[in-house]
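Below: one structure, written as structure tokens.
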Amino acid sequence: MDARRNWPDLPDANGRFGAYGGRFVAETLMPLVLDLERAYRDAQADPAFAAQMSDFLRDYVGRPSPLYFAERLTEHFTKIAEAEGLGGAAKIYFKRDELNHTGAHKINNCLGQILLALRMGKTRIIAETGAGQHGVATATVCARFGLPCTVFMGATDIERQKPNVFRMKLLGAEVRPVTSGAATLKDAMNEALRDWVTNVDNTFYIIGTAAGPHPYPELVRDFQSVIGREARAQILEKEGRLPDAVMACIGGGSNAIGLFHPFIADESVRLIGVEAGGRGIDERFEHSAAINGGRPGVLHGNRTYLLQTEDGQILEGHSISAGLDYPGVGPEHAYLNDIGRAQYLSATDDEALAAFQLCARLEGILPALEPSHALARVGDVAKELGPGGLIIMNLCGRGDKDVFTVADSLGVTL
Ligand SMILES: *Cc1c(COP(=O)(O)O)cnc(C)c1O
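Terminal number for the sequence shown in the working numbering: 415, no gaps in between.
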């Protein structure tokens with residue numbers, strides 16, 4: 002049996018992961034987040050909540066998602082390693098969360114939060130969205146449970162993401178344009194927080210990633226941890242041992258923390274996140290690598306690594322994948338980075354684009370551009386671990402949504 006080490010149960014009572022997290026909110030928001038925390042503790046202690054969750058995860062989301070041996074990709078990196086005079090490459094497995102209903106991992110979290118909202122007797126749901134993926138997942142669960150849904154979205158993003166805006170409308174949601182600031186994700190999140198304070202009594206705010214004030218980073222992590230729990234059991238069944246590394250892309254960090262968390266106490270398992278390196282990590286900030294290219298600060302109710310100027314102005318960020326261009330990262334990742342338990346690499350737009358095409362041709366799977374960033378680093382890790390090594394990479398979304406972006410980047414007119 003692999004060694005498991007005692008691991009502190011974080012966040013602490015104040016919602017802190019070491020120096021990160023917390024609840025930096027206005028006085029008016031404090032009762033709401035405290036109320037949410039009470040309701041969440043109550044749900045955690047109730048077996049009926051867990052049973053309800055697992056029924057919907059199975060029959061509506063389509064879980065468990067398979068753990069798939071990416072044999073041709075493994076052969077590809079093995080050949081490269083041999084040509085370089087190395088012994089070979091590790092086996093690569095994909096955790097196939099792209100097969101979920103709505104095509105990504107976001108539904109795991111939205112389902113958990115709407116069931117919590119129903120327990121709390123809330124009758125209206127709000128959410129923020131950037132690329133529209135979280136908006137679509139939220140609109141989906143709202144349709145399923147018959148709750149009205151308002152999605153705050155930057156006016157700039159509405160213009161850029163028309164298909165997702167239409168999807169949300171088909172699902173019955175109202176998409177409310179936000180024109181403040183740069184009219185993108187950060188501004189949409191501020192506006193959603195403002196609406197929440199104004200409509201305390203009936204409204205539940207479904208946050209889309211493992212960020213925001215405590216207890217959001219914790220509850221989003223818990224709802225996404227189904228990914229890592231399944232993966233851990235599946236690899237033990239297939240290989241009879243734990244993997245040497247688990248890898249995932251990092252936007253706000255929800256799919257990554259969901260995969261990492263059940264492995265945190267397993268000392269032998271390396272946790273590797275891959276941030277969006279955009280056009281390169283330098284002072285132009287044309288990337289979304291908050292850990293590799295940002296500094297700690299406070300945004301959206303928590304302290305974490307952020308893309309910011311010398312004088313603390315939060316920056317937009319850039320990535321070829323709309324789902325990765327959040328200017329921060331979940332606070333638990335900031336902590337895992339600082340204590341050295343997890344490692345954060347990055348991949349550029351071009352590297353992600355190349356990995357997208359490689360995966361399509363070798364495995365017959367169009368990955369979303371977000372996990373294509375993790376795919377872009379998986380070969381390096383496979384070579385480093387060498388033959389006999391085992392990697393699980395979270396294929397957290399499917400690439401159908403990205404074919405126009407990919408065509409554009411390749412200079413193809415559709
Ligand atoms: C939204 C999204 C992401 C980024 O969000 P995380 O919270 O970092 O997981 C990554 N991949 C896909 C497919 C997404 O839709």
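From the three backbone atoms N, C-alpha and C, an ideal C-beta is built for every residue, glycine too.
{"Query": "Sub-8 Å separation of G241 and H262 beta-carbons", "Result": "no"}
{"Query": "CA-to-CA distance, G209 to P149, given in whole angstroms", "Result": "17 Å"}
{"Query": "Cutoff 8 Å; reference I236; Cβ partners in own chain excluding five residues on either side", "Result": "L68, Y94, R242, L243, P244, L391 and I393"}
{"Query": "For D403 and T418, the rounded distance between their alpha carbons", "Result": "The displayed coordinates of the chain run from 2 to 415. Any statement about residue 418 would go beyond what the structure contains."}
{"Query": "Nearest-angstrom Cα separation, counted from R17 out to Y306", "Result": "14 Å"}
{"Query": "Euclidean distance between Cα positions of L363 and L396", "Result": "15 Å"}
{"Query": "Any non-hydrogen atom of ligand 1 closer than 7 Å to A105 Cβ", "Result": "yes"}
{"Query": "Straight-line gap, E83 to G89 (C-alpha atoms, nearest Å)", "Result": "5 Å"}
{"Query": "Among S55, R304 and K123, the one whose alpha carbon lies nearest that of G313", "Result": "R304"}
{"Query": "Closer than 5 Å to ligand 1: residues, by C-beta to nearest heavy atom, in chain order", "Result": "A105, Q134, T210, G252, G253, G254, S255, N256, G324, A369, E371, C397 and G398"}
{"Query": "The region 22-36 in contact with the region 92-110 per 3-pair CB rule at 8 Å", "Result": "no"}
{"Query": "Local Cβ density within 10 Å of D401, reported as buried at 16 or more and exposed below that", "Result": "exposed"}
{"Query": "Whether R378 touches L337 by CB criterion (8 Å)", "Result": "no"}
{"Query": "Nearest-angstrom Cα separation, counted from A105 out to R120", "Result": "25 Å"}
{"Query": "Residues near G254 in its chain [Cβ-Cβ closer than 6 Å; skip 5 each side]", "Result": "A211, V330, G331 and H334"}
{"Query": "G1 - partner residues in DSSP beta bridges", "Result": "Look at the range of the chain in this structure, 2 to 415, and you will see that residue 1 is not part of it."}
{"Query": "Rounded separation between V198 and K239 - CA only", "Result": "49 Å"}
{"Query": "For M190, three-class secondary structure by DSSP", "Result": "helix"}
{"Query": "Same chain only: Cβ atoms within 6 Å of G165, ignoring 5 sequence neighbours per side", "Result": "In the sequence on display, residue 165 carries Asn and not Gly. Same-chain partners within the cutoff: G133 and V137."}
{"Query": "Span of the beta strand (DSSP E) around N200", "Result": "From DSSP, N200 is part of no beta strand (DSSP E); its letter is neither H nor E."}
{"Query": "Within 8 Å, strictly: CB atoms of D196 and I126", "Result": "no"}
{"Query": "Own chain, CB closer than 6 Å to L11, minus 5 neighbours either side, in chain order", "Result": "F18"}
{"Query": "Terminal residues of the beta strand (DSSP E) in which T151 lies", "Result": "C150 to G155"}
{"Query": "Chain B contact for G278 (CB, 8 Å cutoff)", "Result": "The chain labelled as chain B is not found in the depicted structure, where only one protein chain is given."}
{"Query": "Straight-line gap, G365 to K170 (C-alpha atoms, nearest Å)", "Result": "31 Å"}
{"Query": "Y217: first and last residue of the uninterrupted alpha helix (DSSP H) it sits in", "Result": "Y217 to Q225"}
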